[in-house]
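Okay, structure first, notes after.
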Amino acid sequence: MKNNAGMTLIVKTITRLTAGLILIYGIYIVLQGHLSPGGGFAGGVIIALCFVQLMLAFGKEEVLKKLSRKKCIFLAGLAALLFLLLALRGFLGSGNAAFKEGHFKLFSAGLIPFCDIAISILVGTGLFVIFLALVLLTEVEE
Amino acid sequence: MELHLILLFMICASIVAVEVKDLISSIISLGAAGLGLCLAFLILKAPNLAISQLVVEILCVVVLIRATINKDLPLVKDGRWFFNTISTFLFIGFFLISAYFALMELPHFGEPIMKAANEYIANSLAKTGSSNIVTAVTLNFRSYDALAETAVLFAAIIGVLAITRKVGRIHEK
């Protein structure tokens, strides 16, 4: 390999194979949160774990090219505002009846999947930012 | 029976995590205790909690290993063991006495009280359309609770970013 950041070649190859699968599994857990066990929090943590694995294997710069720190903070704030907006939607009117088409349709559970998506974005980007901050702090101290 | 075995395993793993000298071994046994908790949730038929516990435990173990690797943190073991032991036994006794009086009021283990939960179990699918009752409760019946939890998590993220930002540490030098 050209750059020596991160771990060895074996870890990098395995990470190339598994990181996409972990990301897809996290998105699946989020989108199936109203039908099967899972939900926004667990799916968000799995999405954060995908980026954490990429960062541990390839080093800091590779991941910050994909998902920079500023973009993470922006996405976390945006997701928090989105969830607040969804809550206001339920507060003002009959919010949950808007997207309810009945069982076995695409929008079967009203606003629950949208809340799940907002929570997952907030948790995923937020936990990744916390991990970045802790790792950068230890590297500065060394 | 399996639940008691898992509880014994978790207690052993926690004792090892407290008593062992090496920090990495301590973190590994902490992860073993978390895995036992995840299995206990599965046996008690709470798969939502099991998934959350598993992924959060993995993230915690990764962060702790990353934070303590290549570090020789000193182990403080001097003095005060008499005071520590006395206070530990005092708190254990206080906890056992108050738990004895509290557990007499509770129903037996495995007999849930079907007063508040009955409504949710009977009507959650018709009212919300969500076949996962836990998600229906947390994001529909108790949605503002989830909103407050999200606000707490957001405040925690802002707090970590404010503590570890670069500007304050440069001014310190």
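The listed protein sequences derive, respectively, from chains A and B. Every letter in the first sequence is one number past the one before it in the numbering used here, and letter 77, counting from 1, is 77. Count along the second sequence from 1, add 1000, and you get the number used in the numbering used here. Yeah, the Cβ is synthetic: ideal placement off N, Cα and C, and Gly gets one too.
If you compare alpha carbons, which of A1040/B, F1091/B and V1056/B is closest to G38/A? Closest by alpha carbon: V1056/B.
Segment contact, 8 angstroms Cβ cut-off, at least three pairs: the segment 1116 to 1126 of chain B with the segment 23 to 33 of chain A: Because the criterion of three Cβ pairs below 8 angstroms is not met, the segment 1116 to 1126 of chain B and the segment 23 to 33 of chain A do not touch.
Applying a beta-carbon distance threshold of less than 7 angstroms, which residues of chain A neighbour G1129/B? Annotation: Cβ neighbours of G1129/B in chain A (cutoff 7 angstroms, chain order): K100, H103, S108, A109 and G110.
I need the DSSP call for I1058/B, collapsed to helix, strand or coil. The three-state reading of DSSP puts I1058/B in helix, counting H, G and I together.
Using the Cα positions of I112/A and K12/A, report the straight-line distance between them to the nearest angstrom. Their backbone Cα atoms lie some 37 angstroms apart in a straight line.
Selection from S120/A, T15/A and A87/A that minimises the alpha carbon distance to A57/A: For A57/A, the nearest C-alpha among the options comes from T15/A.
Please confirm if the segment 1023 to 1038 of chain B is in contact with the segment 17 to 25 of chain A, defined as three or more CB-CB distances below 8 angstroms between the two stretches. Because the criterion of three Cβ pairs below 8 angstroms is not met, the segment 1023 to 1038 of chain B and the segment 17 to 25 of chain A do not touch.
Any beta carbon from chain B within less than 9 angstroms of A76/A's own beta carbon? Yes, A76/A lies at the interface with chain B (some Cβ there is under 9 angstroms from its Cβ).
Are the segment 116 to 129 of chain A and the segment 1136 to 1155 of chain B in contact at 8 angstroms, needing three or more beta carbon pairs? A contact exists between the segment 116 to 129 of chain A and the segment 1136 to 1155 of chain B.
Which whole runs of the alpha helix (DSSP H) in the segment 1136 to 1167 of chain B are 4 residues long or more, in chain order? Inside the segment 1136 to 1167 of chain B, DSSP marks whole alpha helix (DSSP H) runs of 4 or more residues at positions 1143 to 1163, from first to last along the chain.
Is it buried or exposed, V1018/B, if we count other Cβ atoms within 10 angstroms and call 16 or more buried? With fewer than 16 Cβ atoms within 10 Å of its Cβ, V1018/B is classed as exposed.
If you pair each beta-carbon of the segment 59 to 74 of chain A with each one of the segment 1078 to 1098 of chain B, do three or more pairs fall below 8 angstroms? Touching, no.
Given this structure, state the Cα-to-Cα distance separating R89/A from H34/A, to the nearest angstrom. Near 19 angstroms, if we compare the C-alpha coordinates of H34/A and R89/A.
Using a Cβ cut-off of 8 angstroms, pull out every chain A residue sitting near Y1144/B, in sequence order please. Listed along chain A, the residues sitting closer than 8 angstroms to Y1144/B by beta-carbon distance are A87.
Return no unless some Cβ of chain B is closer than 9 angstroms to the Cβ of L127/A. Yes, contact with chain B.
Between the CA atoms of I1133/B and F1141/B - distance to the nearest angstrom: Answer to the nearest angstrom: the Cα atoms are 10 angstroms apart.
Mind checking whether L122/A and M55/A have CB atoms under 9 angstroms apart? In this structure, M55/A does not lie closer than 9 angstroms to L122/A by Cβ.
Check the Cβ-Cβ distances between T1085/B and every residue of chain A, and say whether any is below 9 angstroms. No, because no Cβ of chain A sits closer than 9 angstroms to the Cβ of T1085/B.
Strictly below 8 angstroms CB to CB, what residues from chain B border C115/A? Result: L1139, S1143 and A1146.
Does DSSP put G59/A in a helix, a strand or coil? Reduced to three states, the DSSP call for G59/A is coil.
When you compare only the Cα positions, how much space is there between A76/A and E1105/B? Spanning the two alpha carbons is a distance of roughly 44 angstroms.
Given a cut-off of 9 angstroms, decide if A118/A and L82/A are closer than it, judged by their beta-carbon atoms. With respect to the 9 angstroms criterion, L82/A and A118/A are classified as neighbours on the basis of their beta carbons.
Between F104/A and C1060/B, what straight-line distance do the alpha-carbon atoms span, to the nearest angstrom? So the alpha carbons of these two residues sit roughly 37 angstroms apart.
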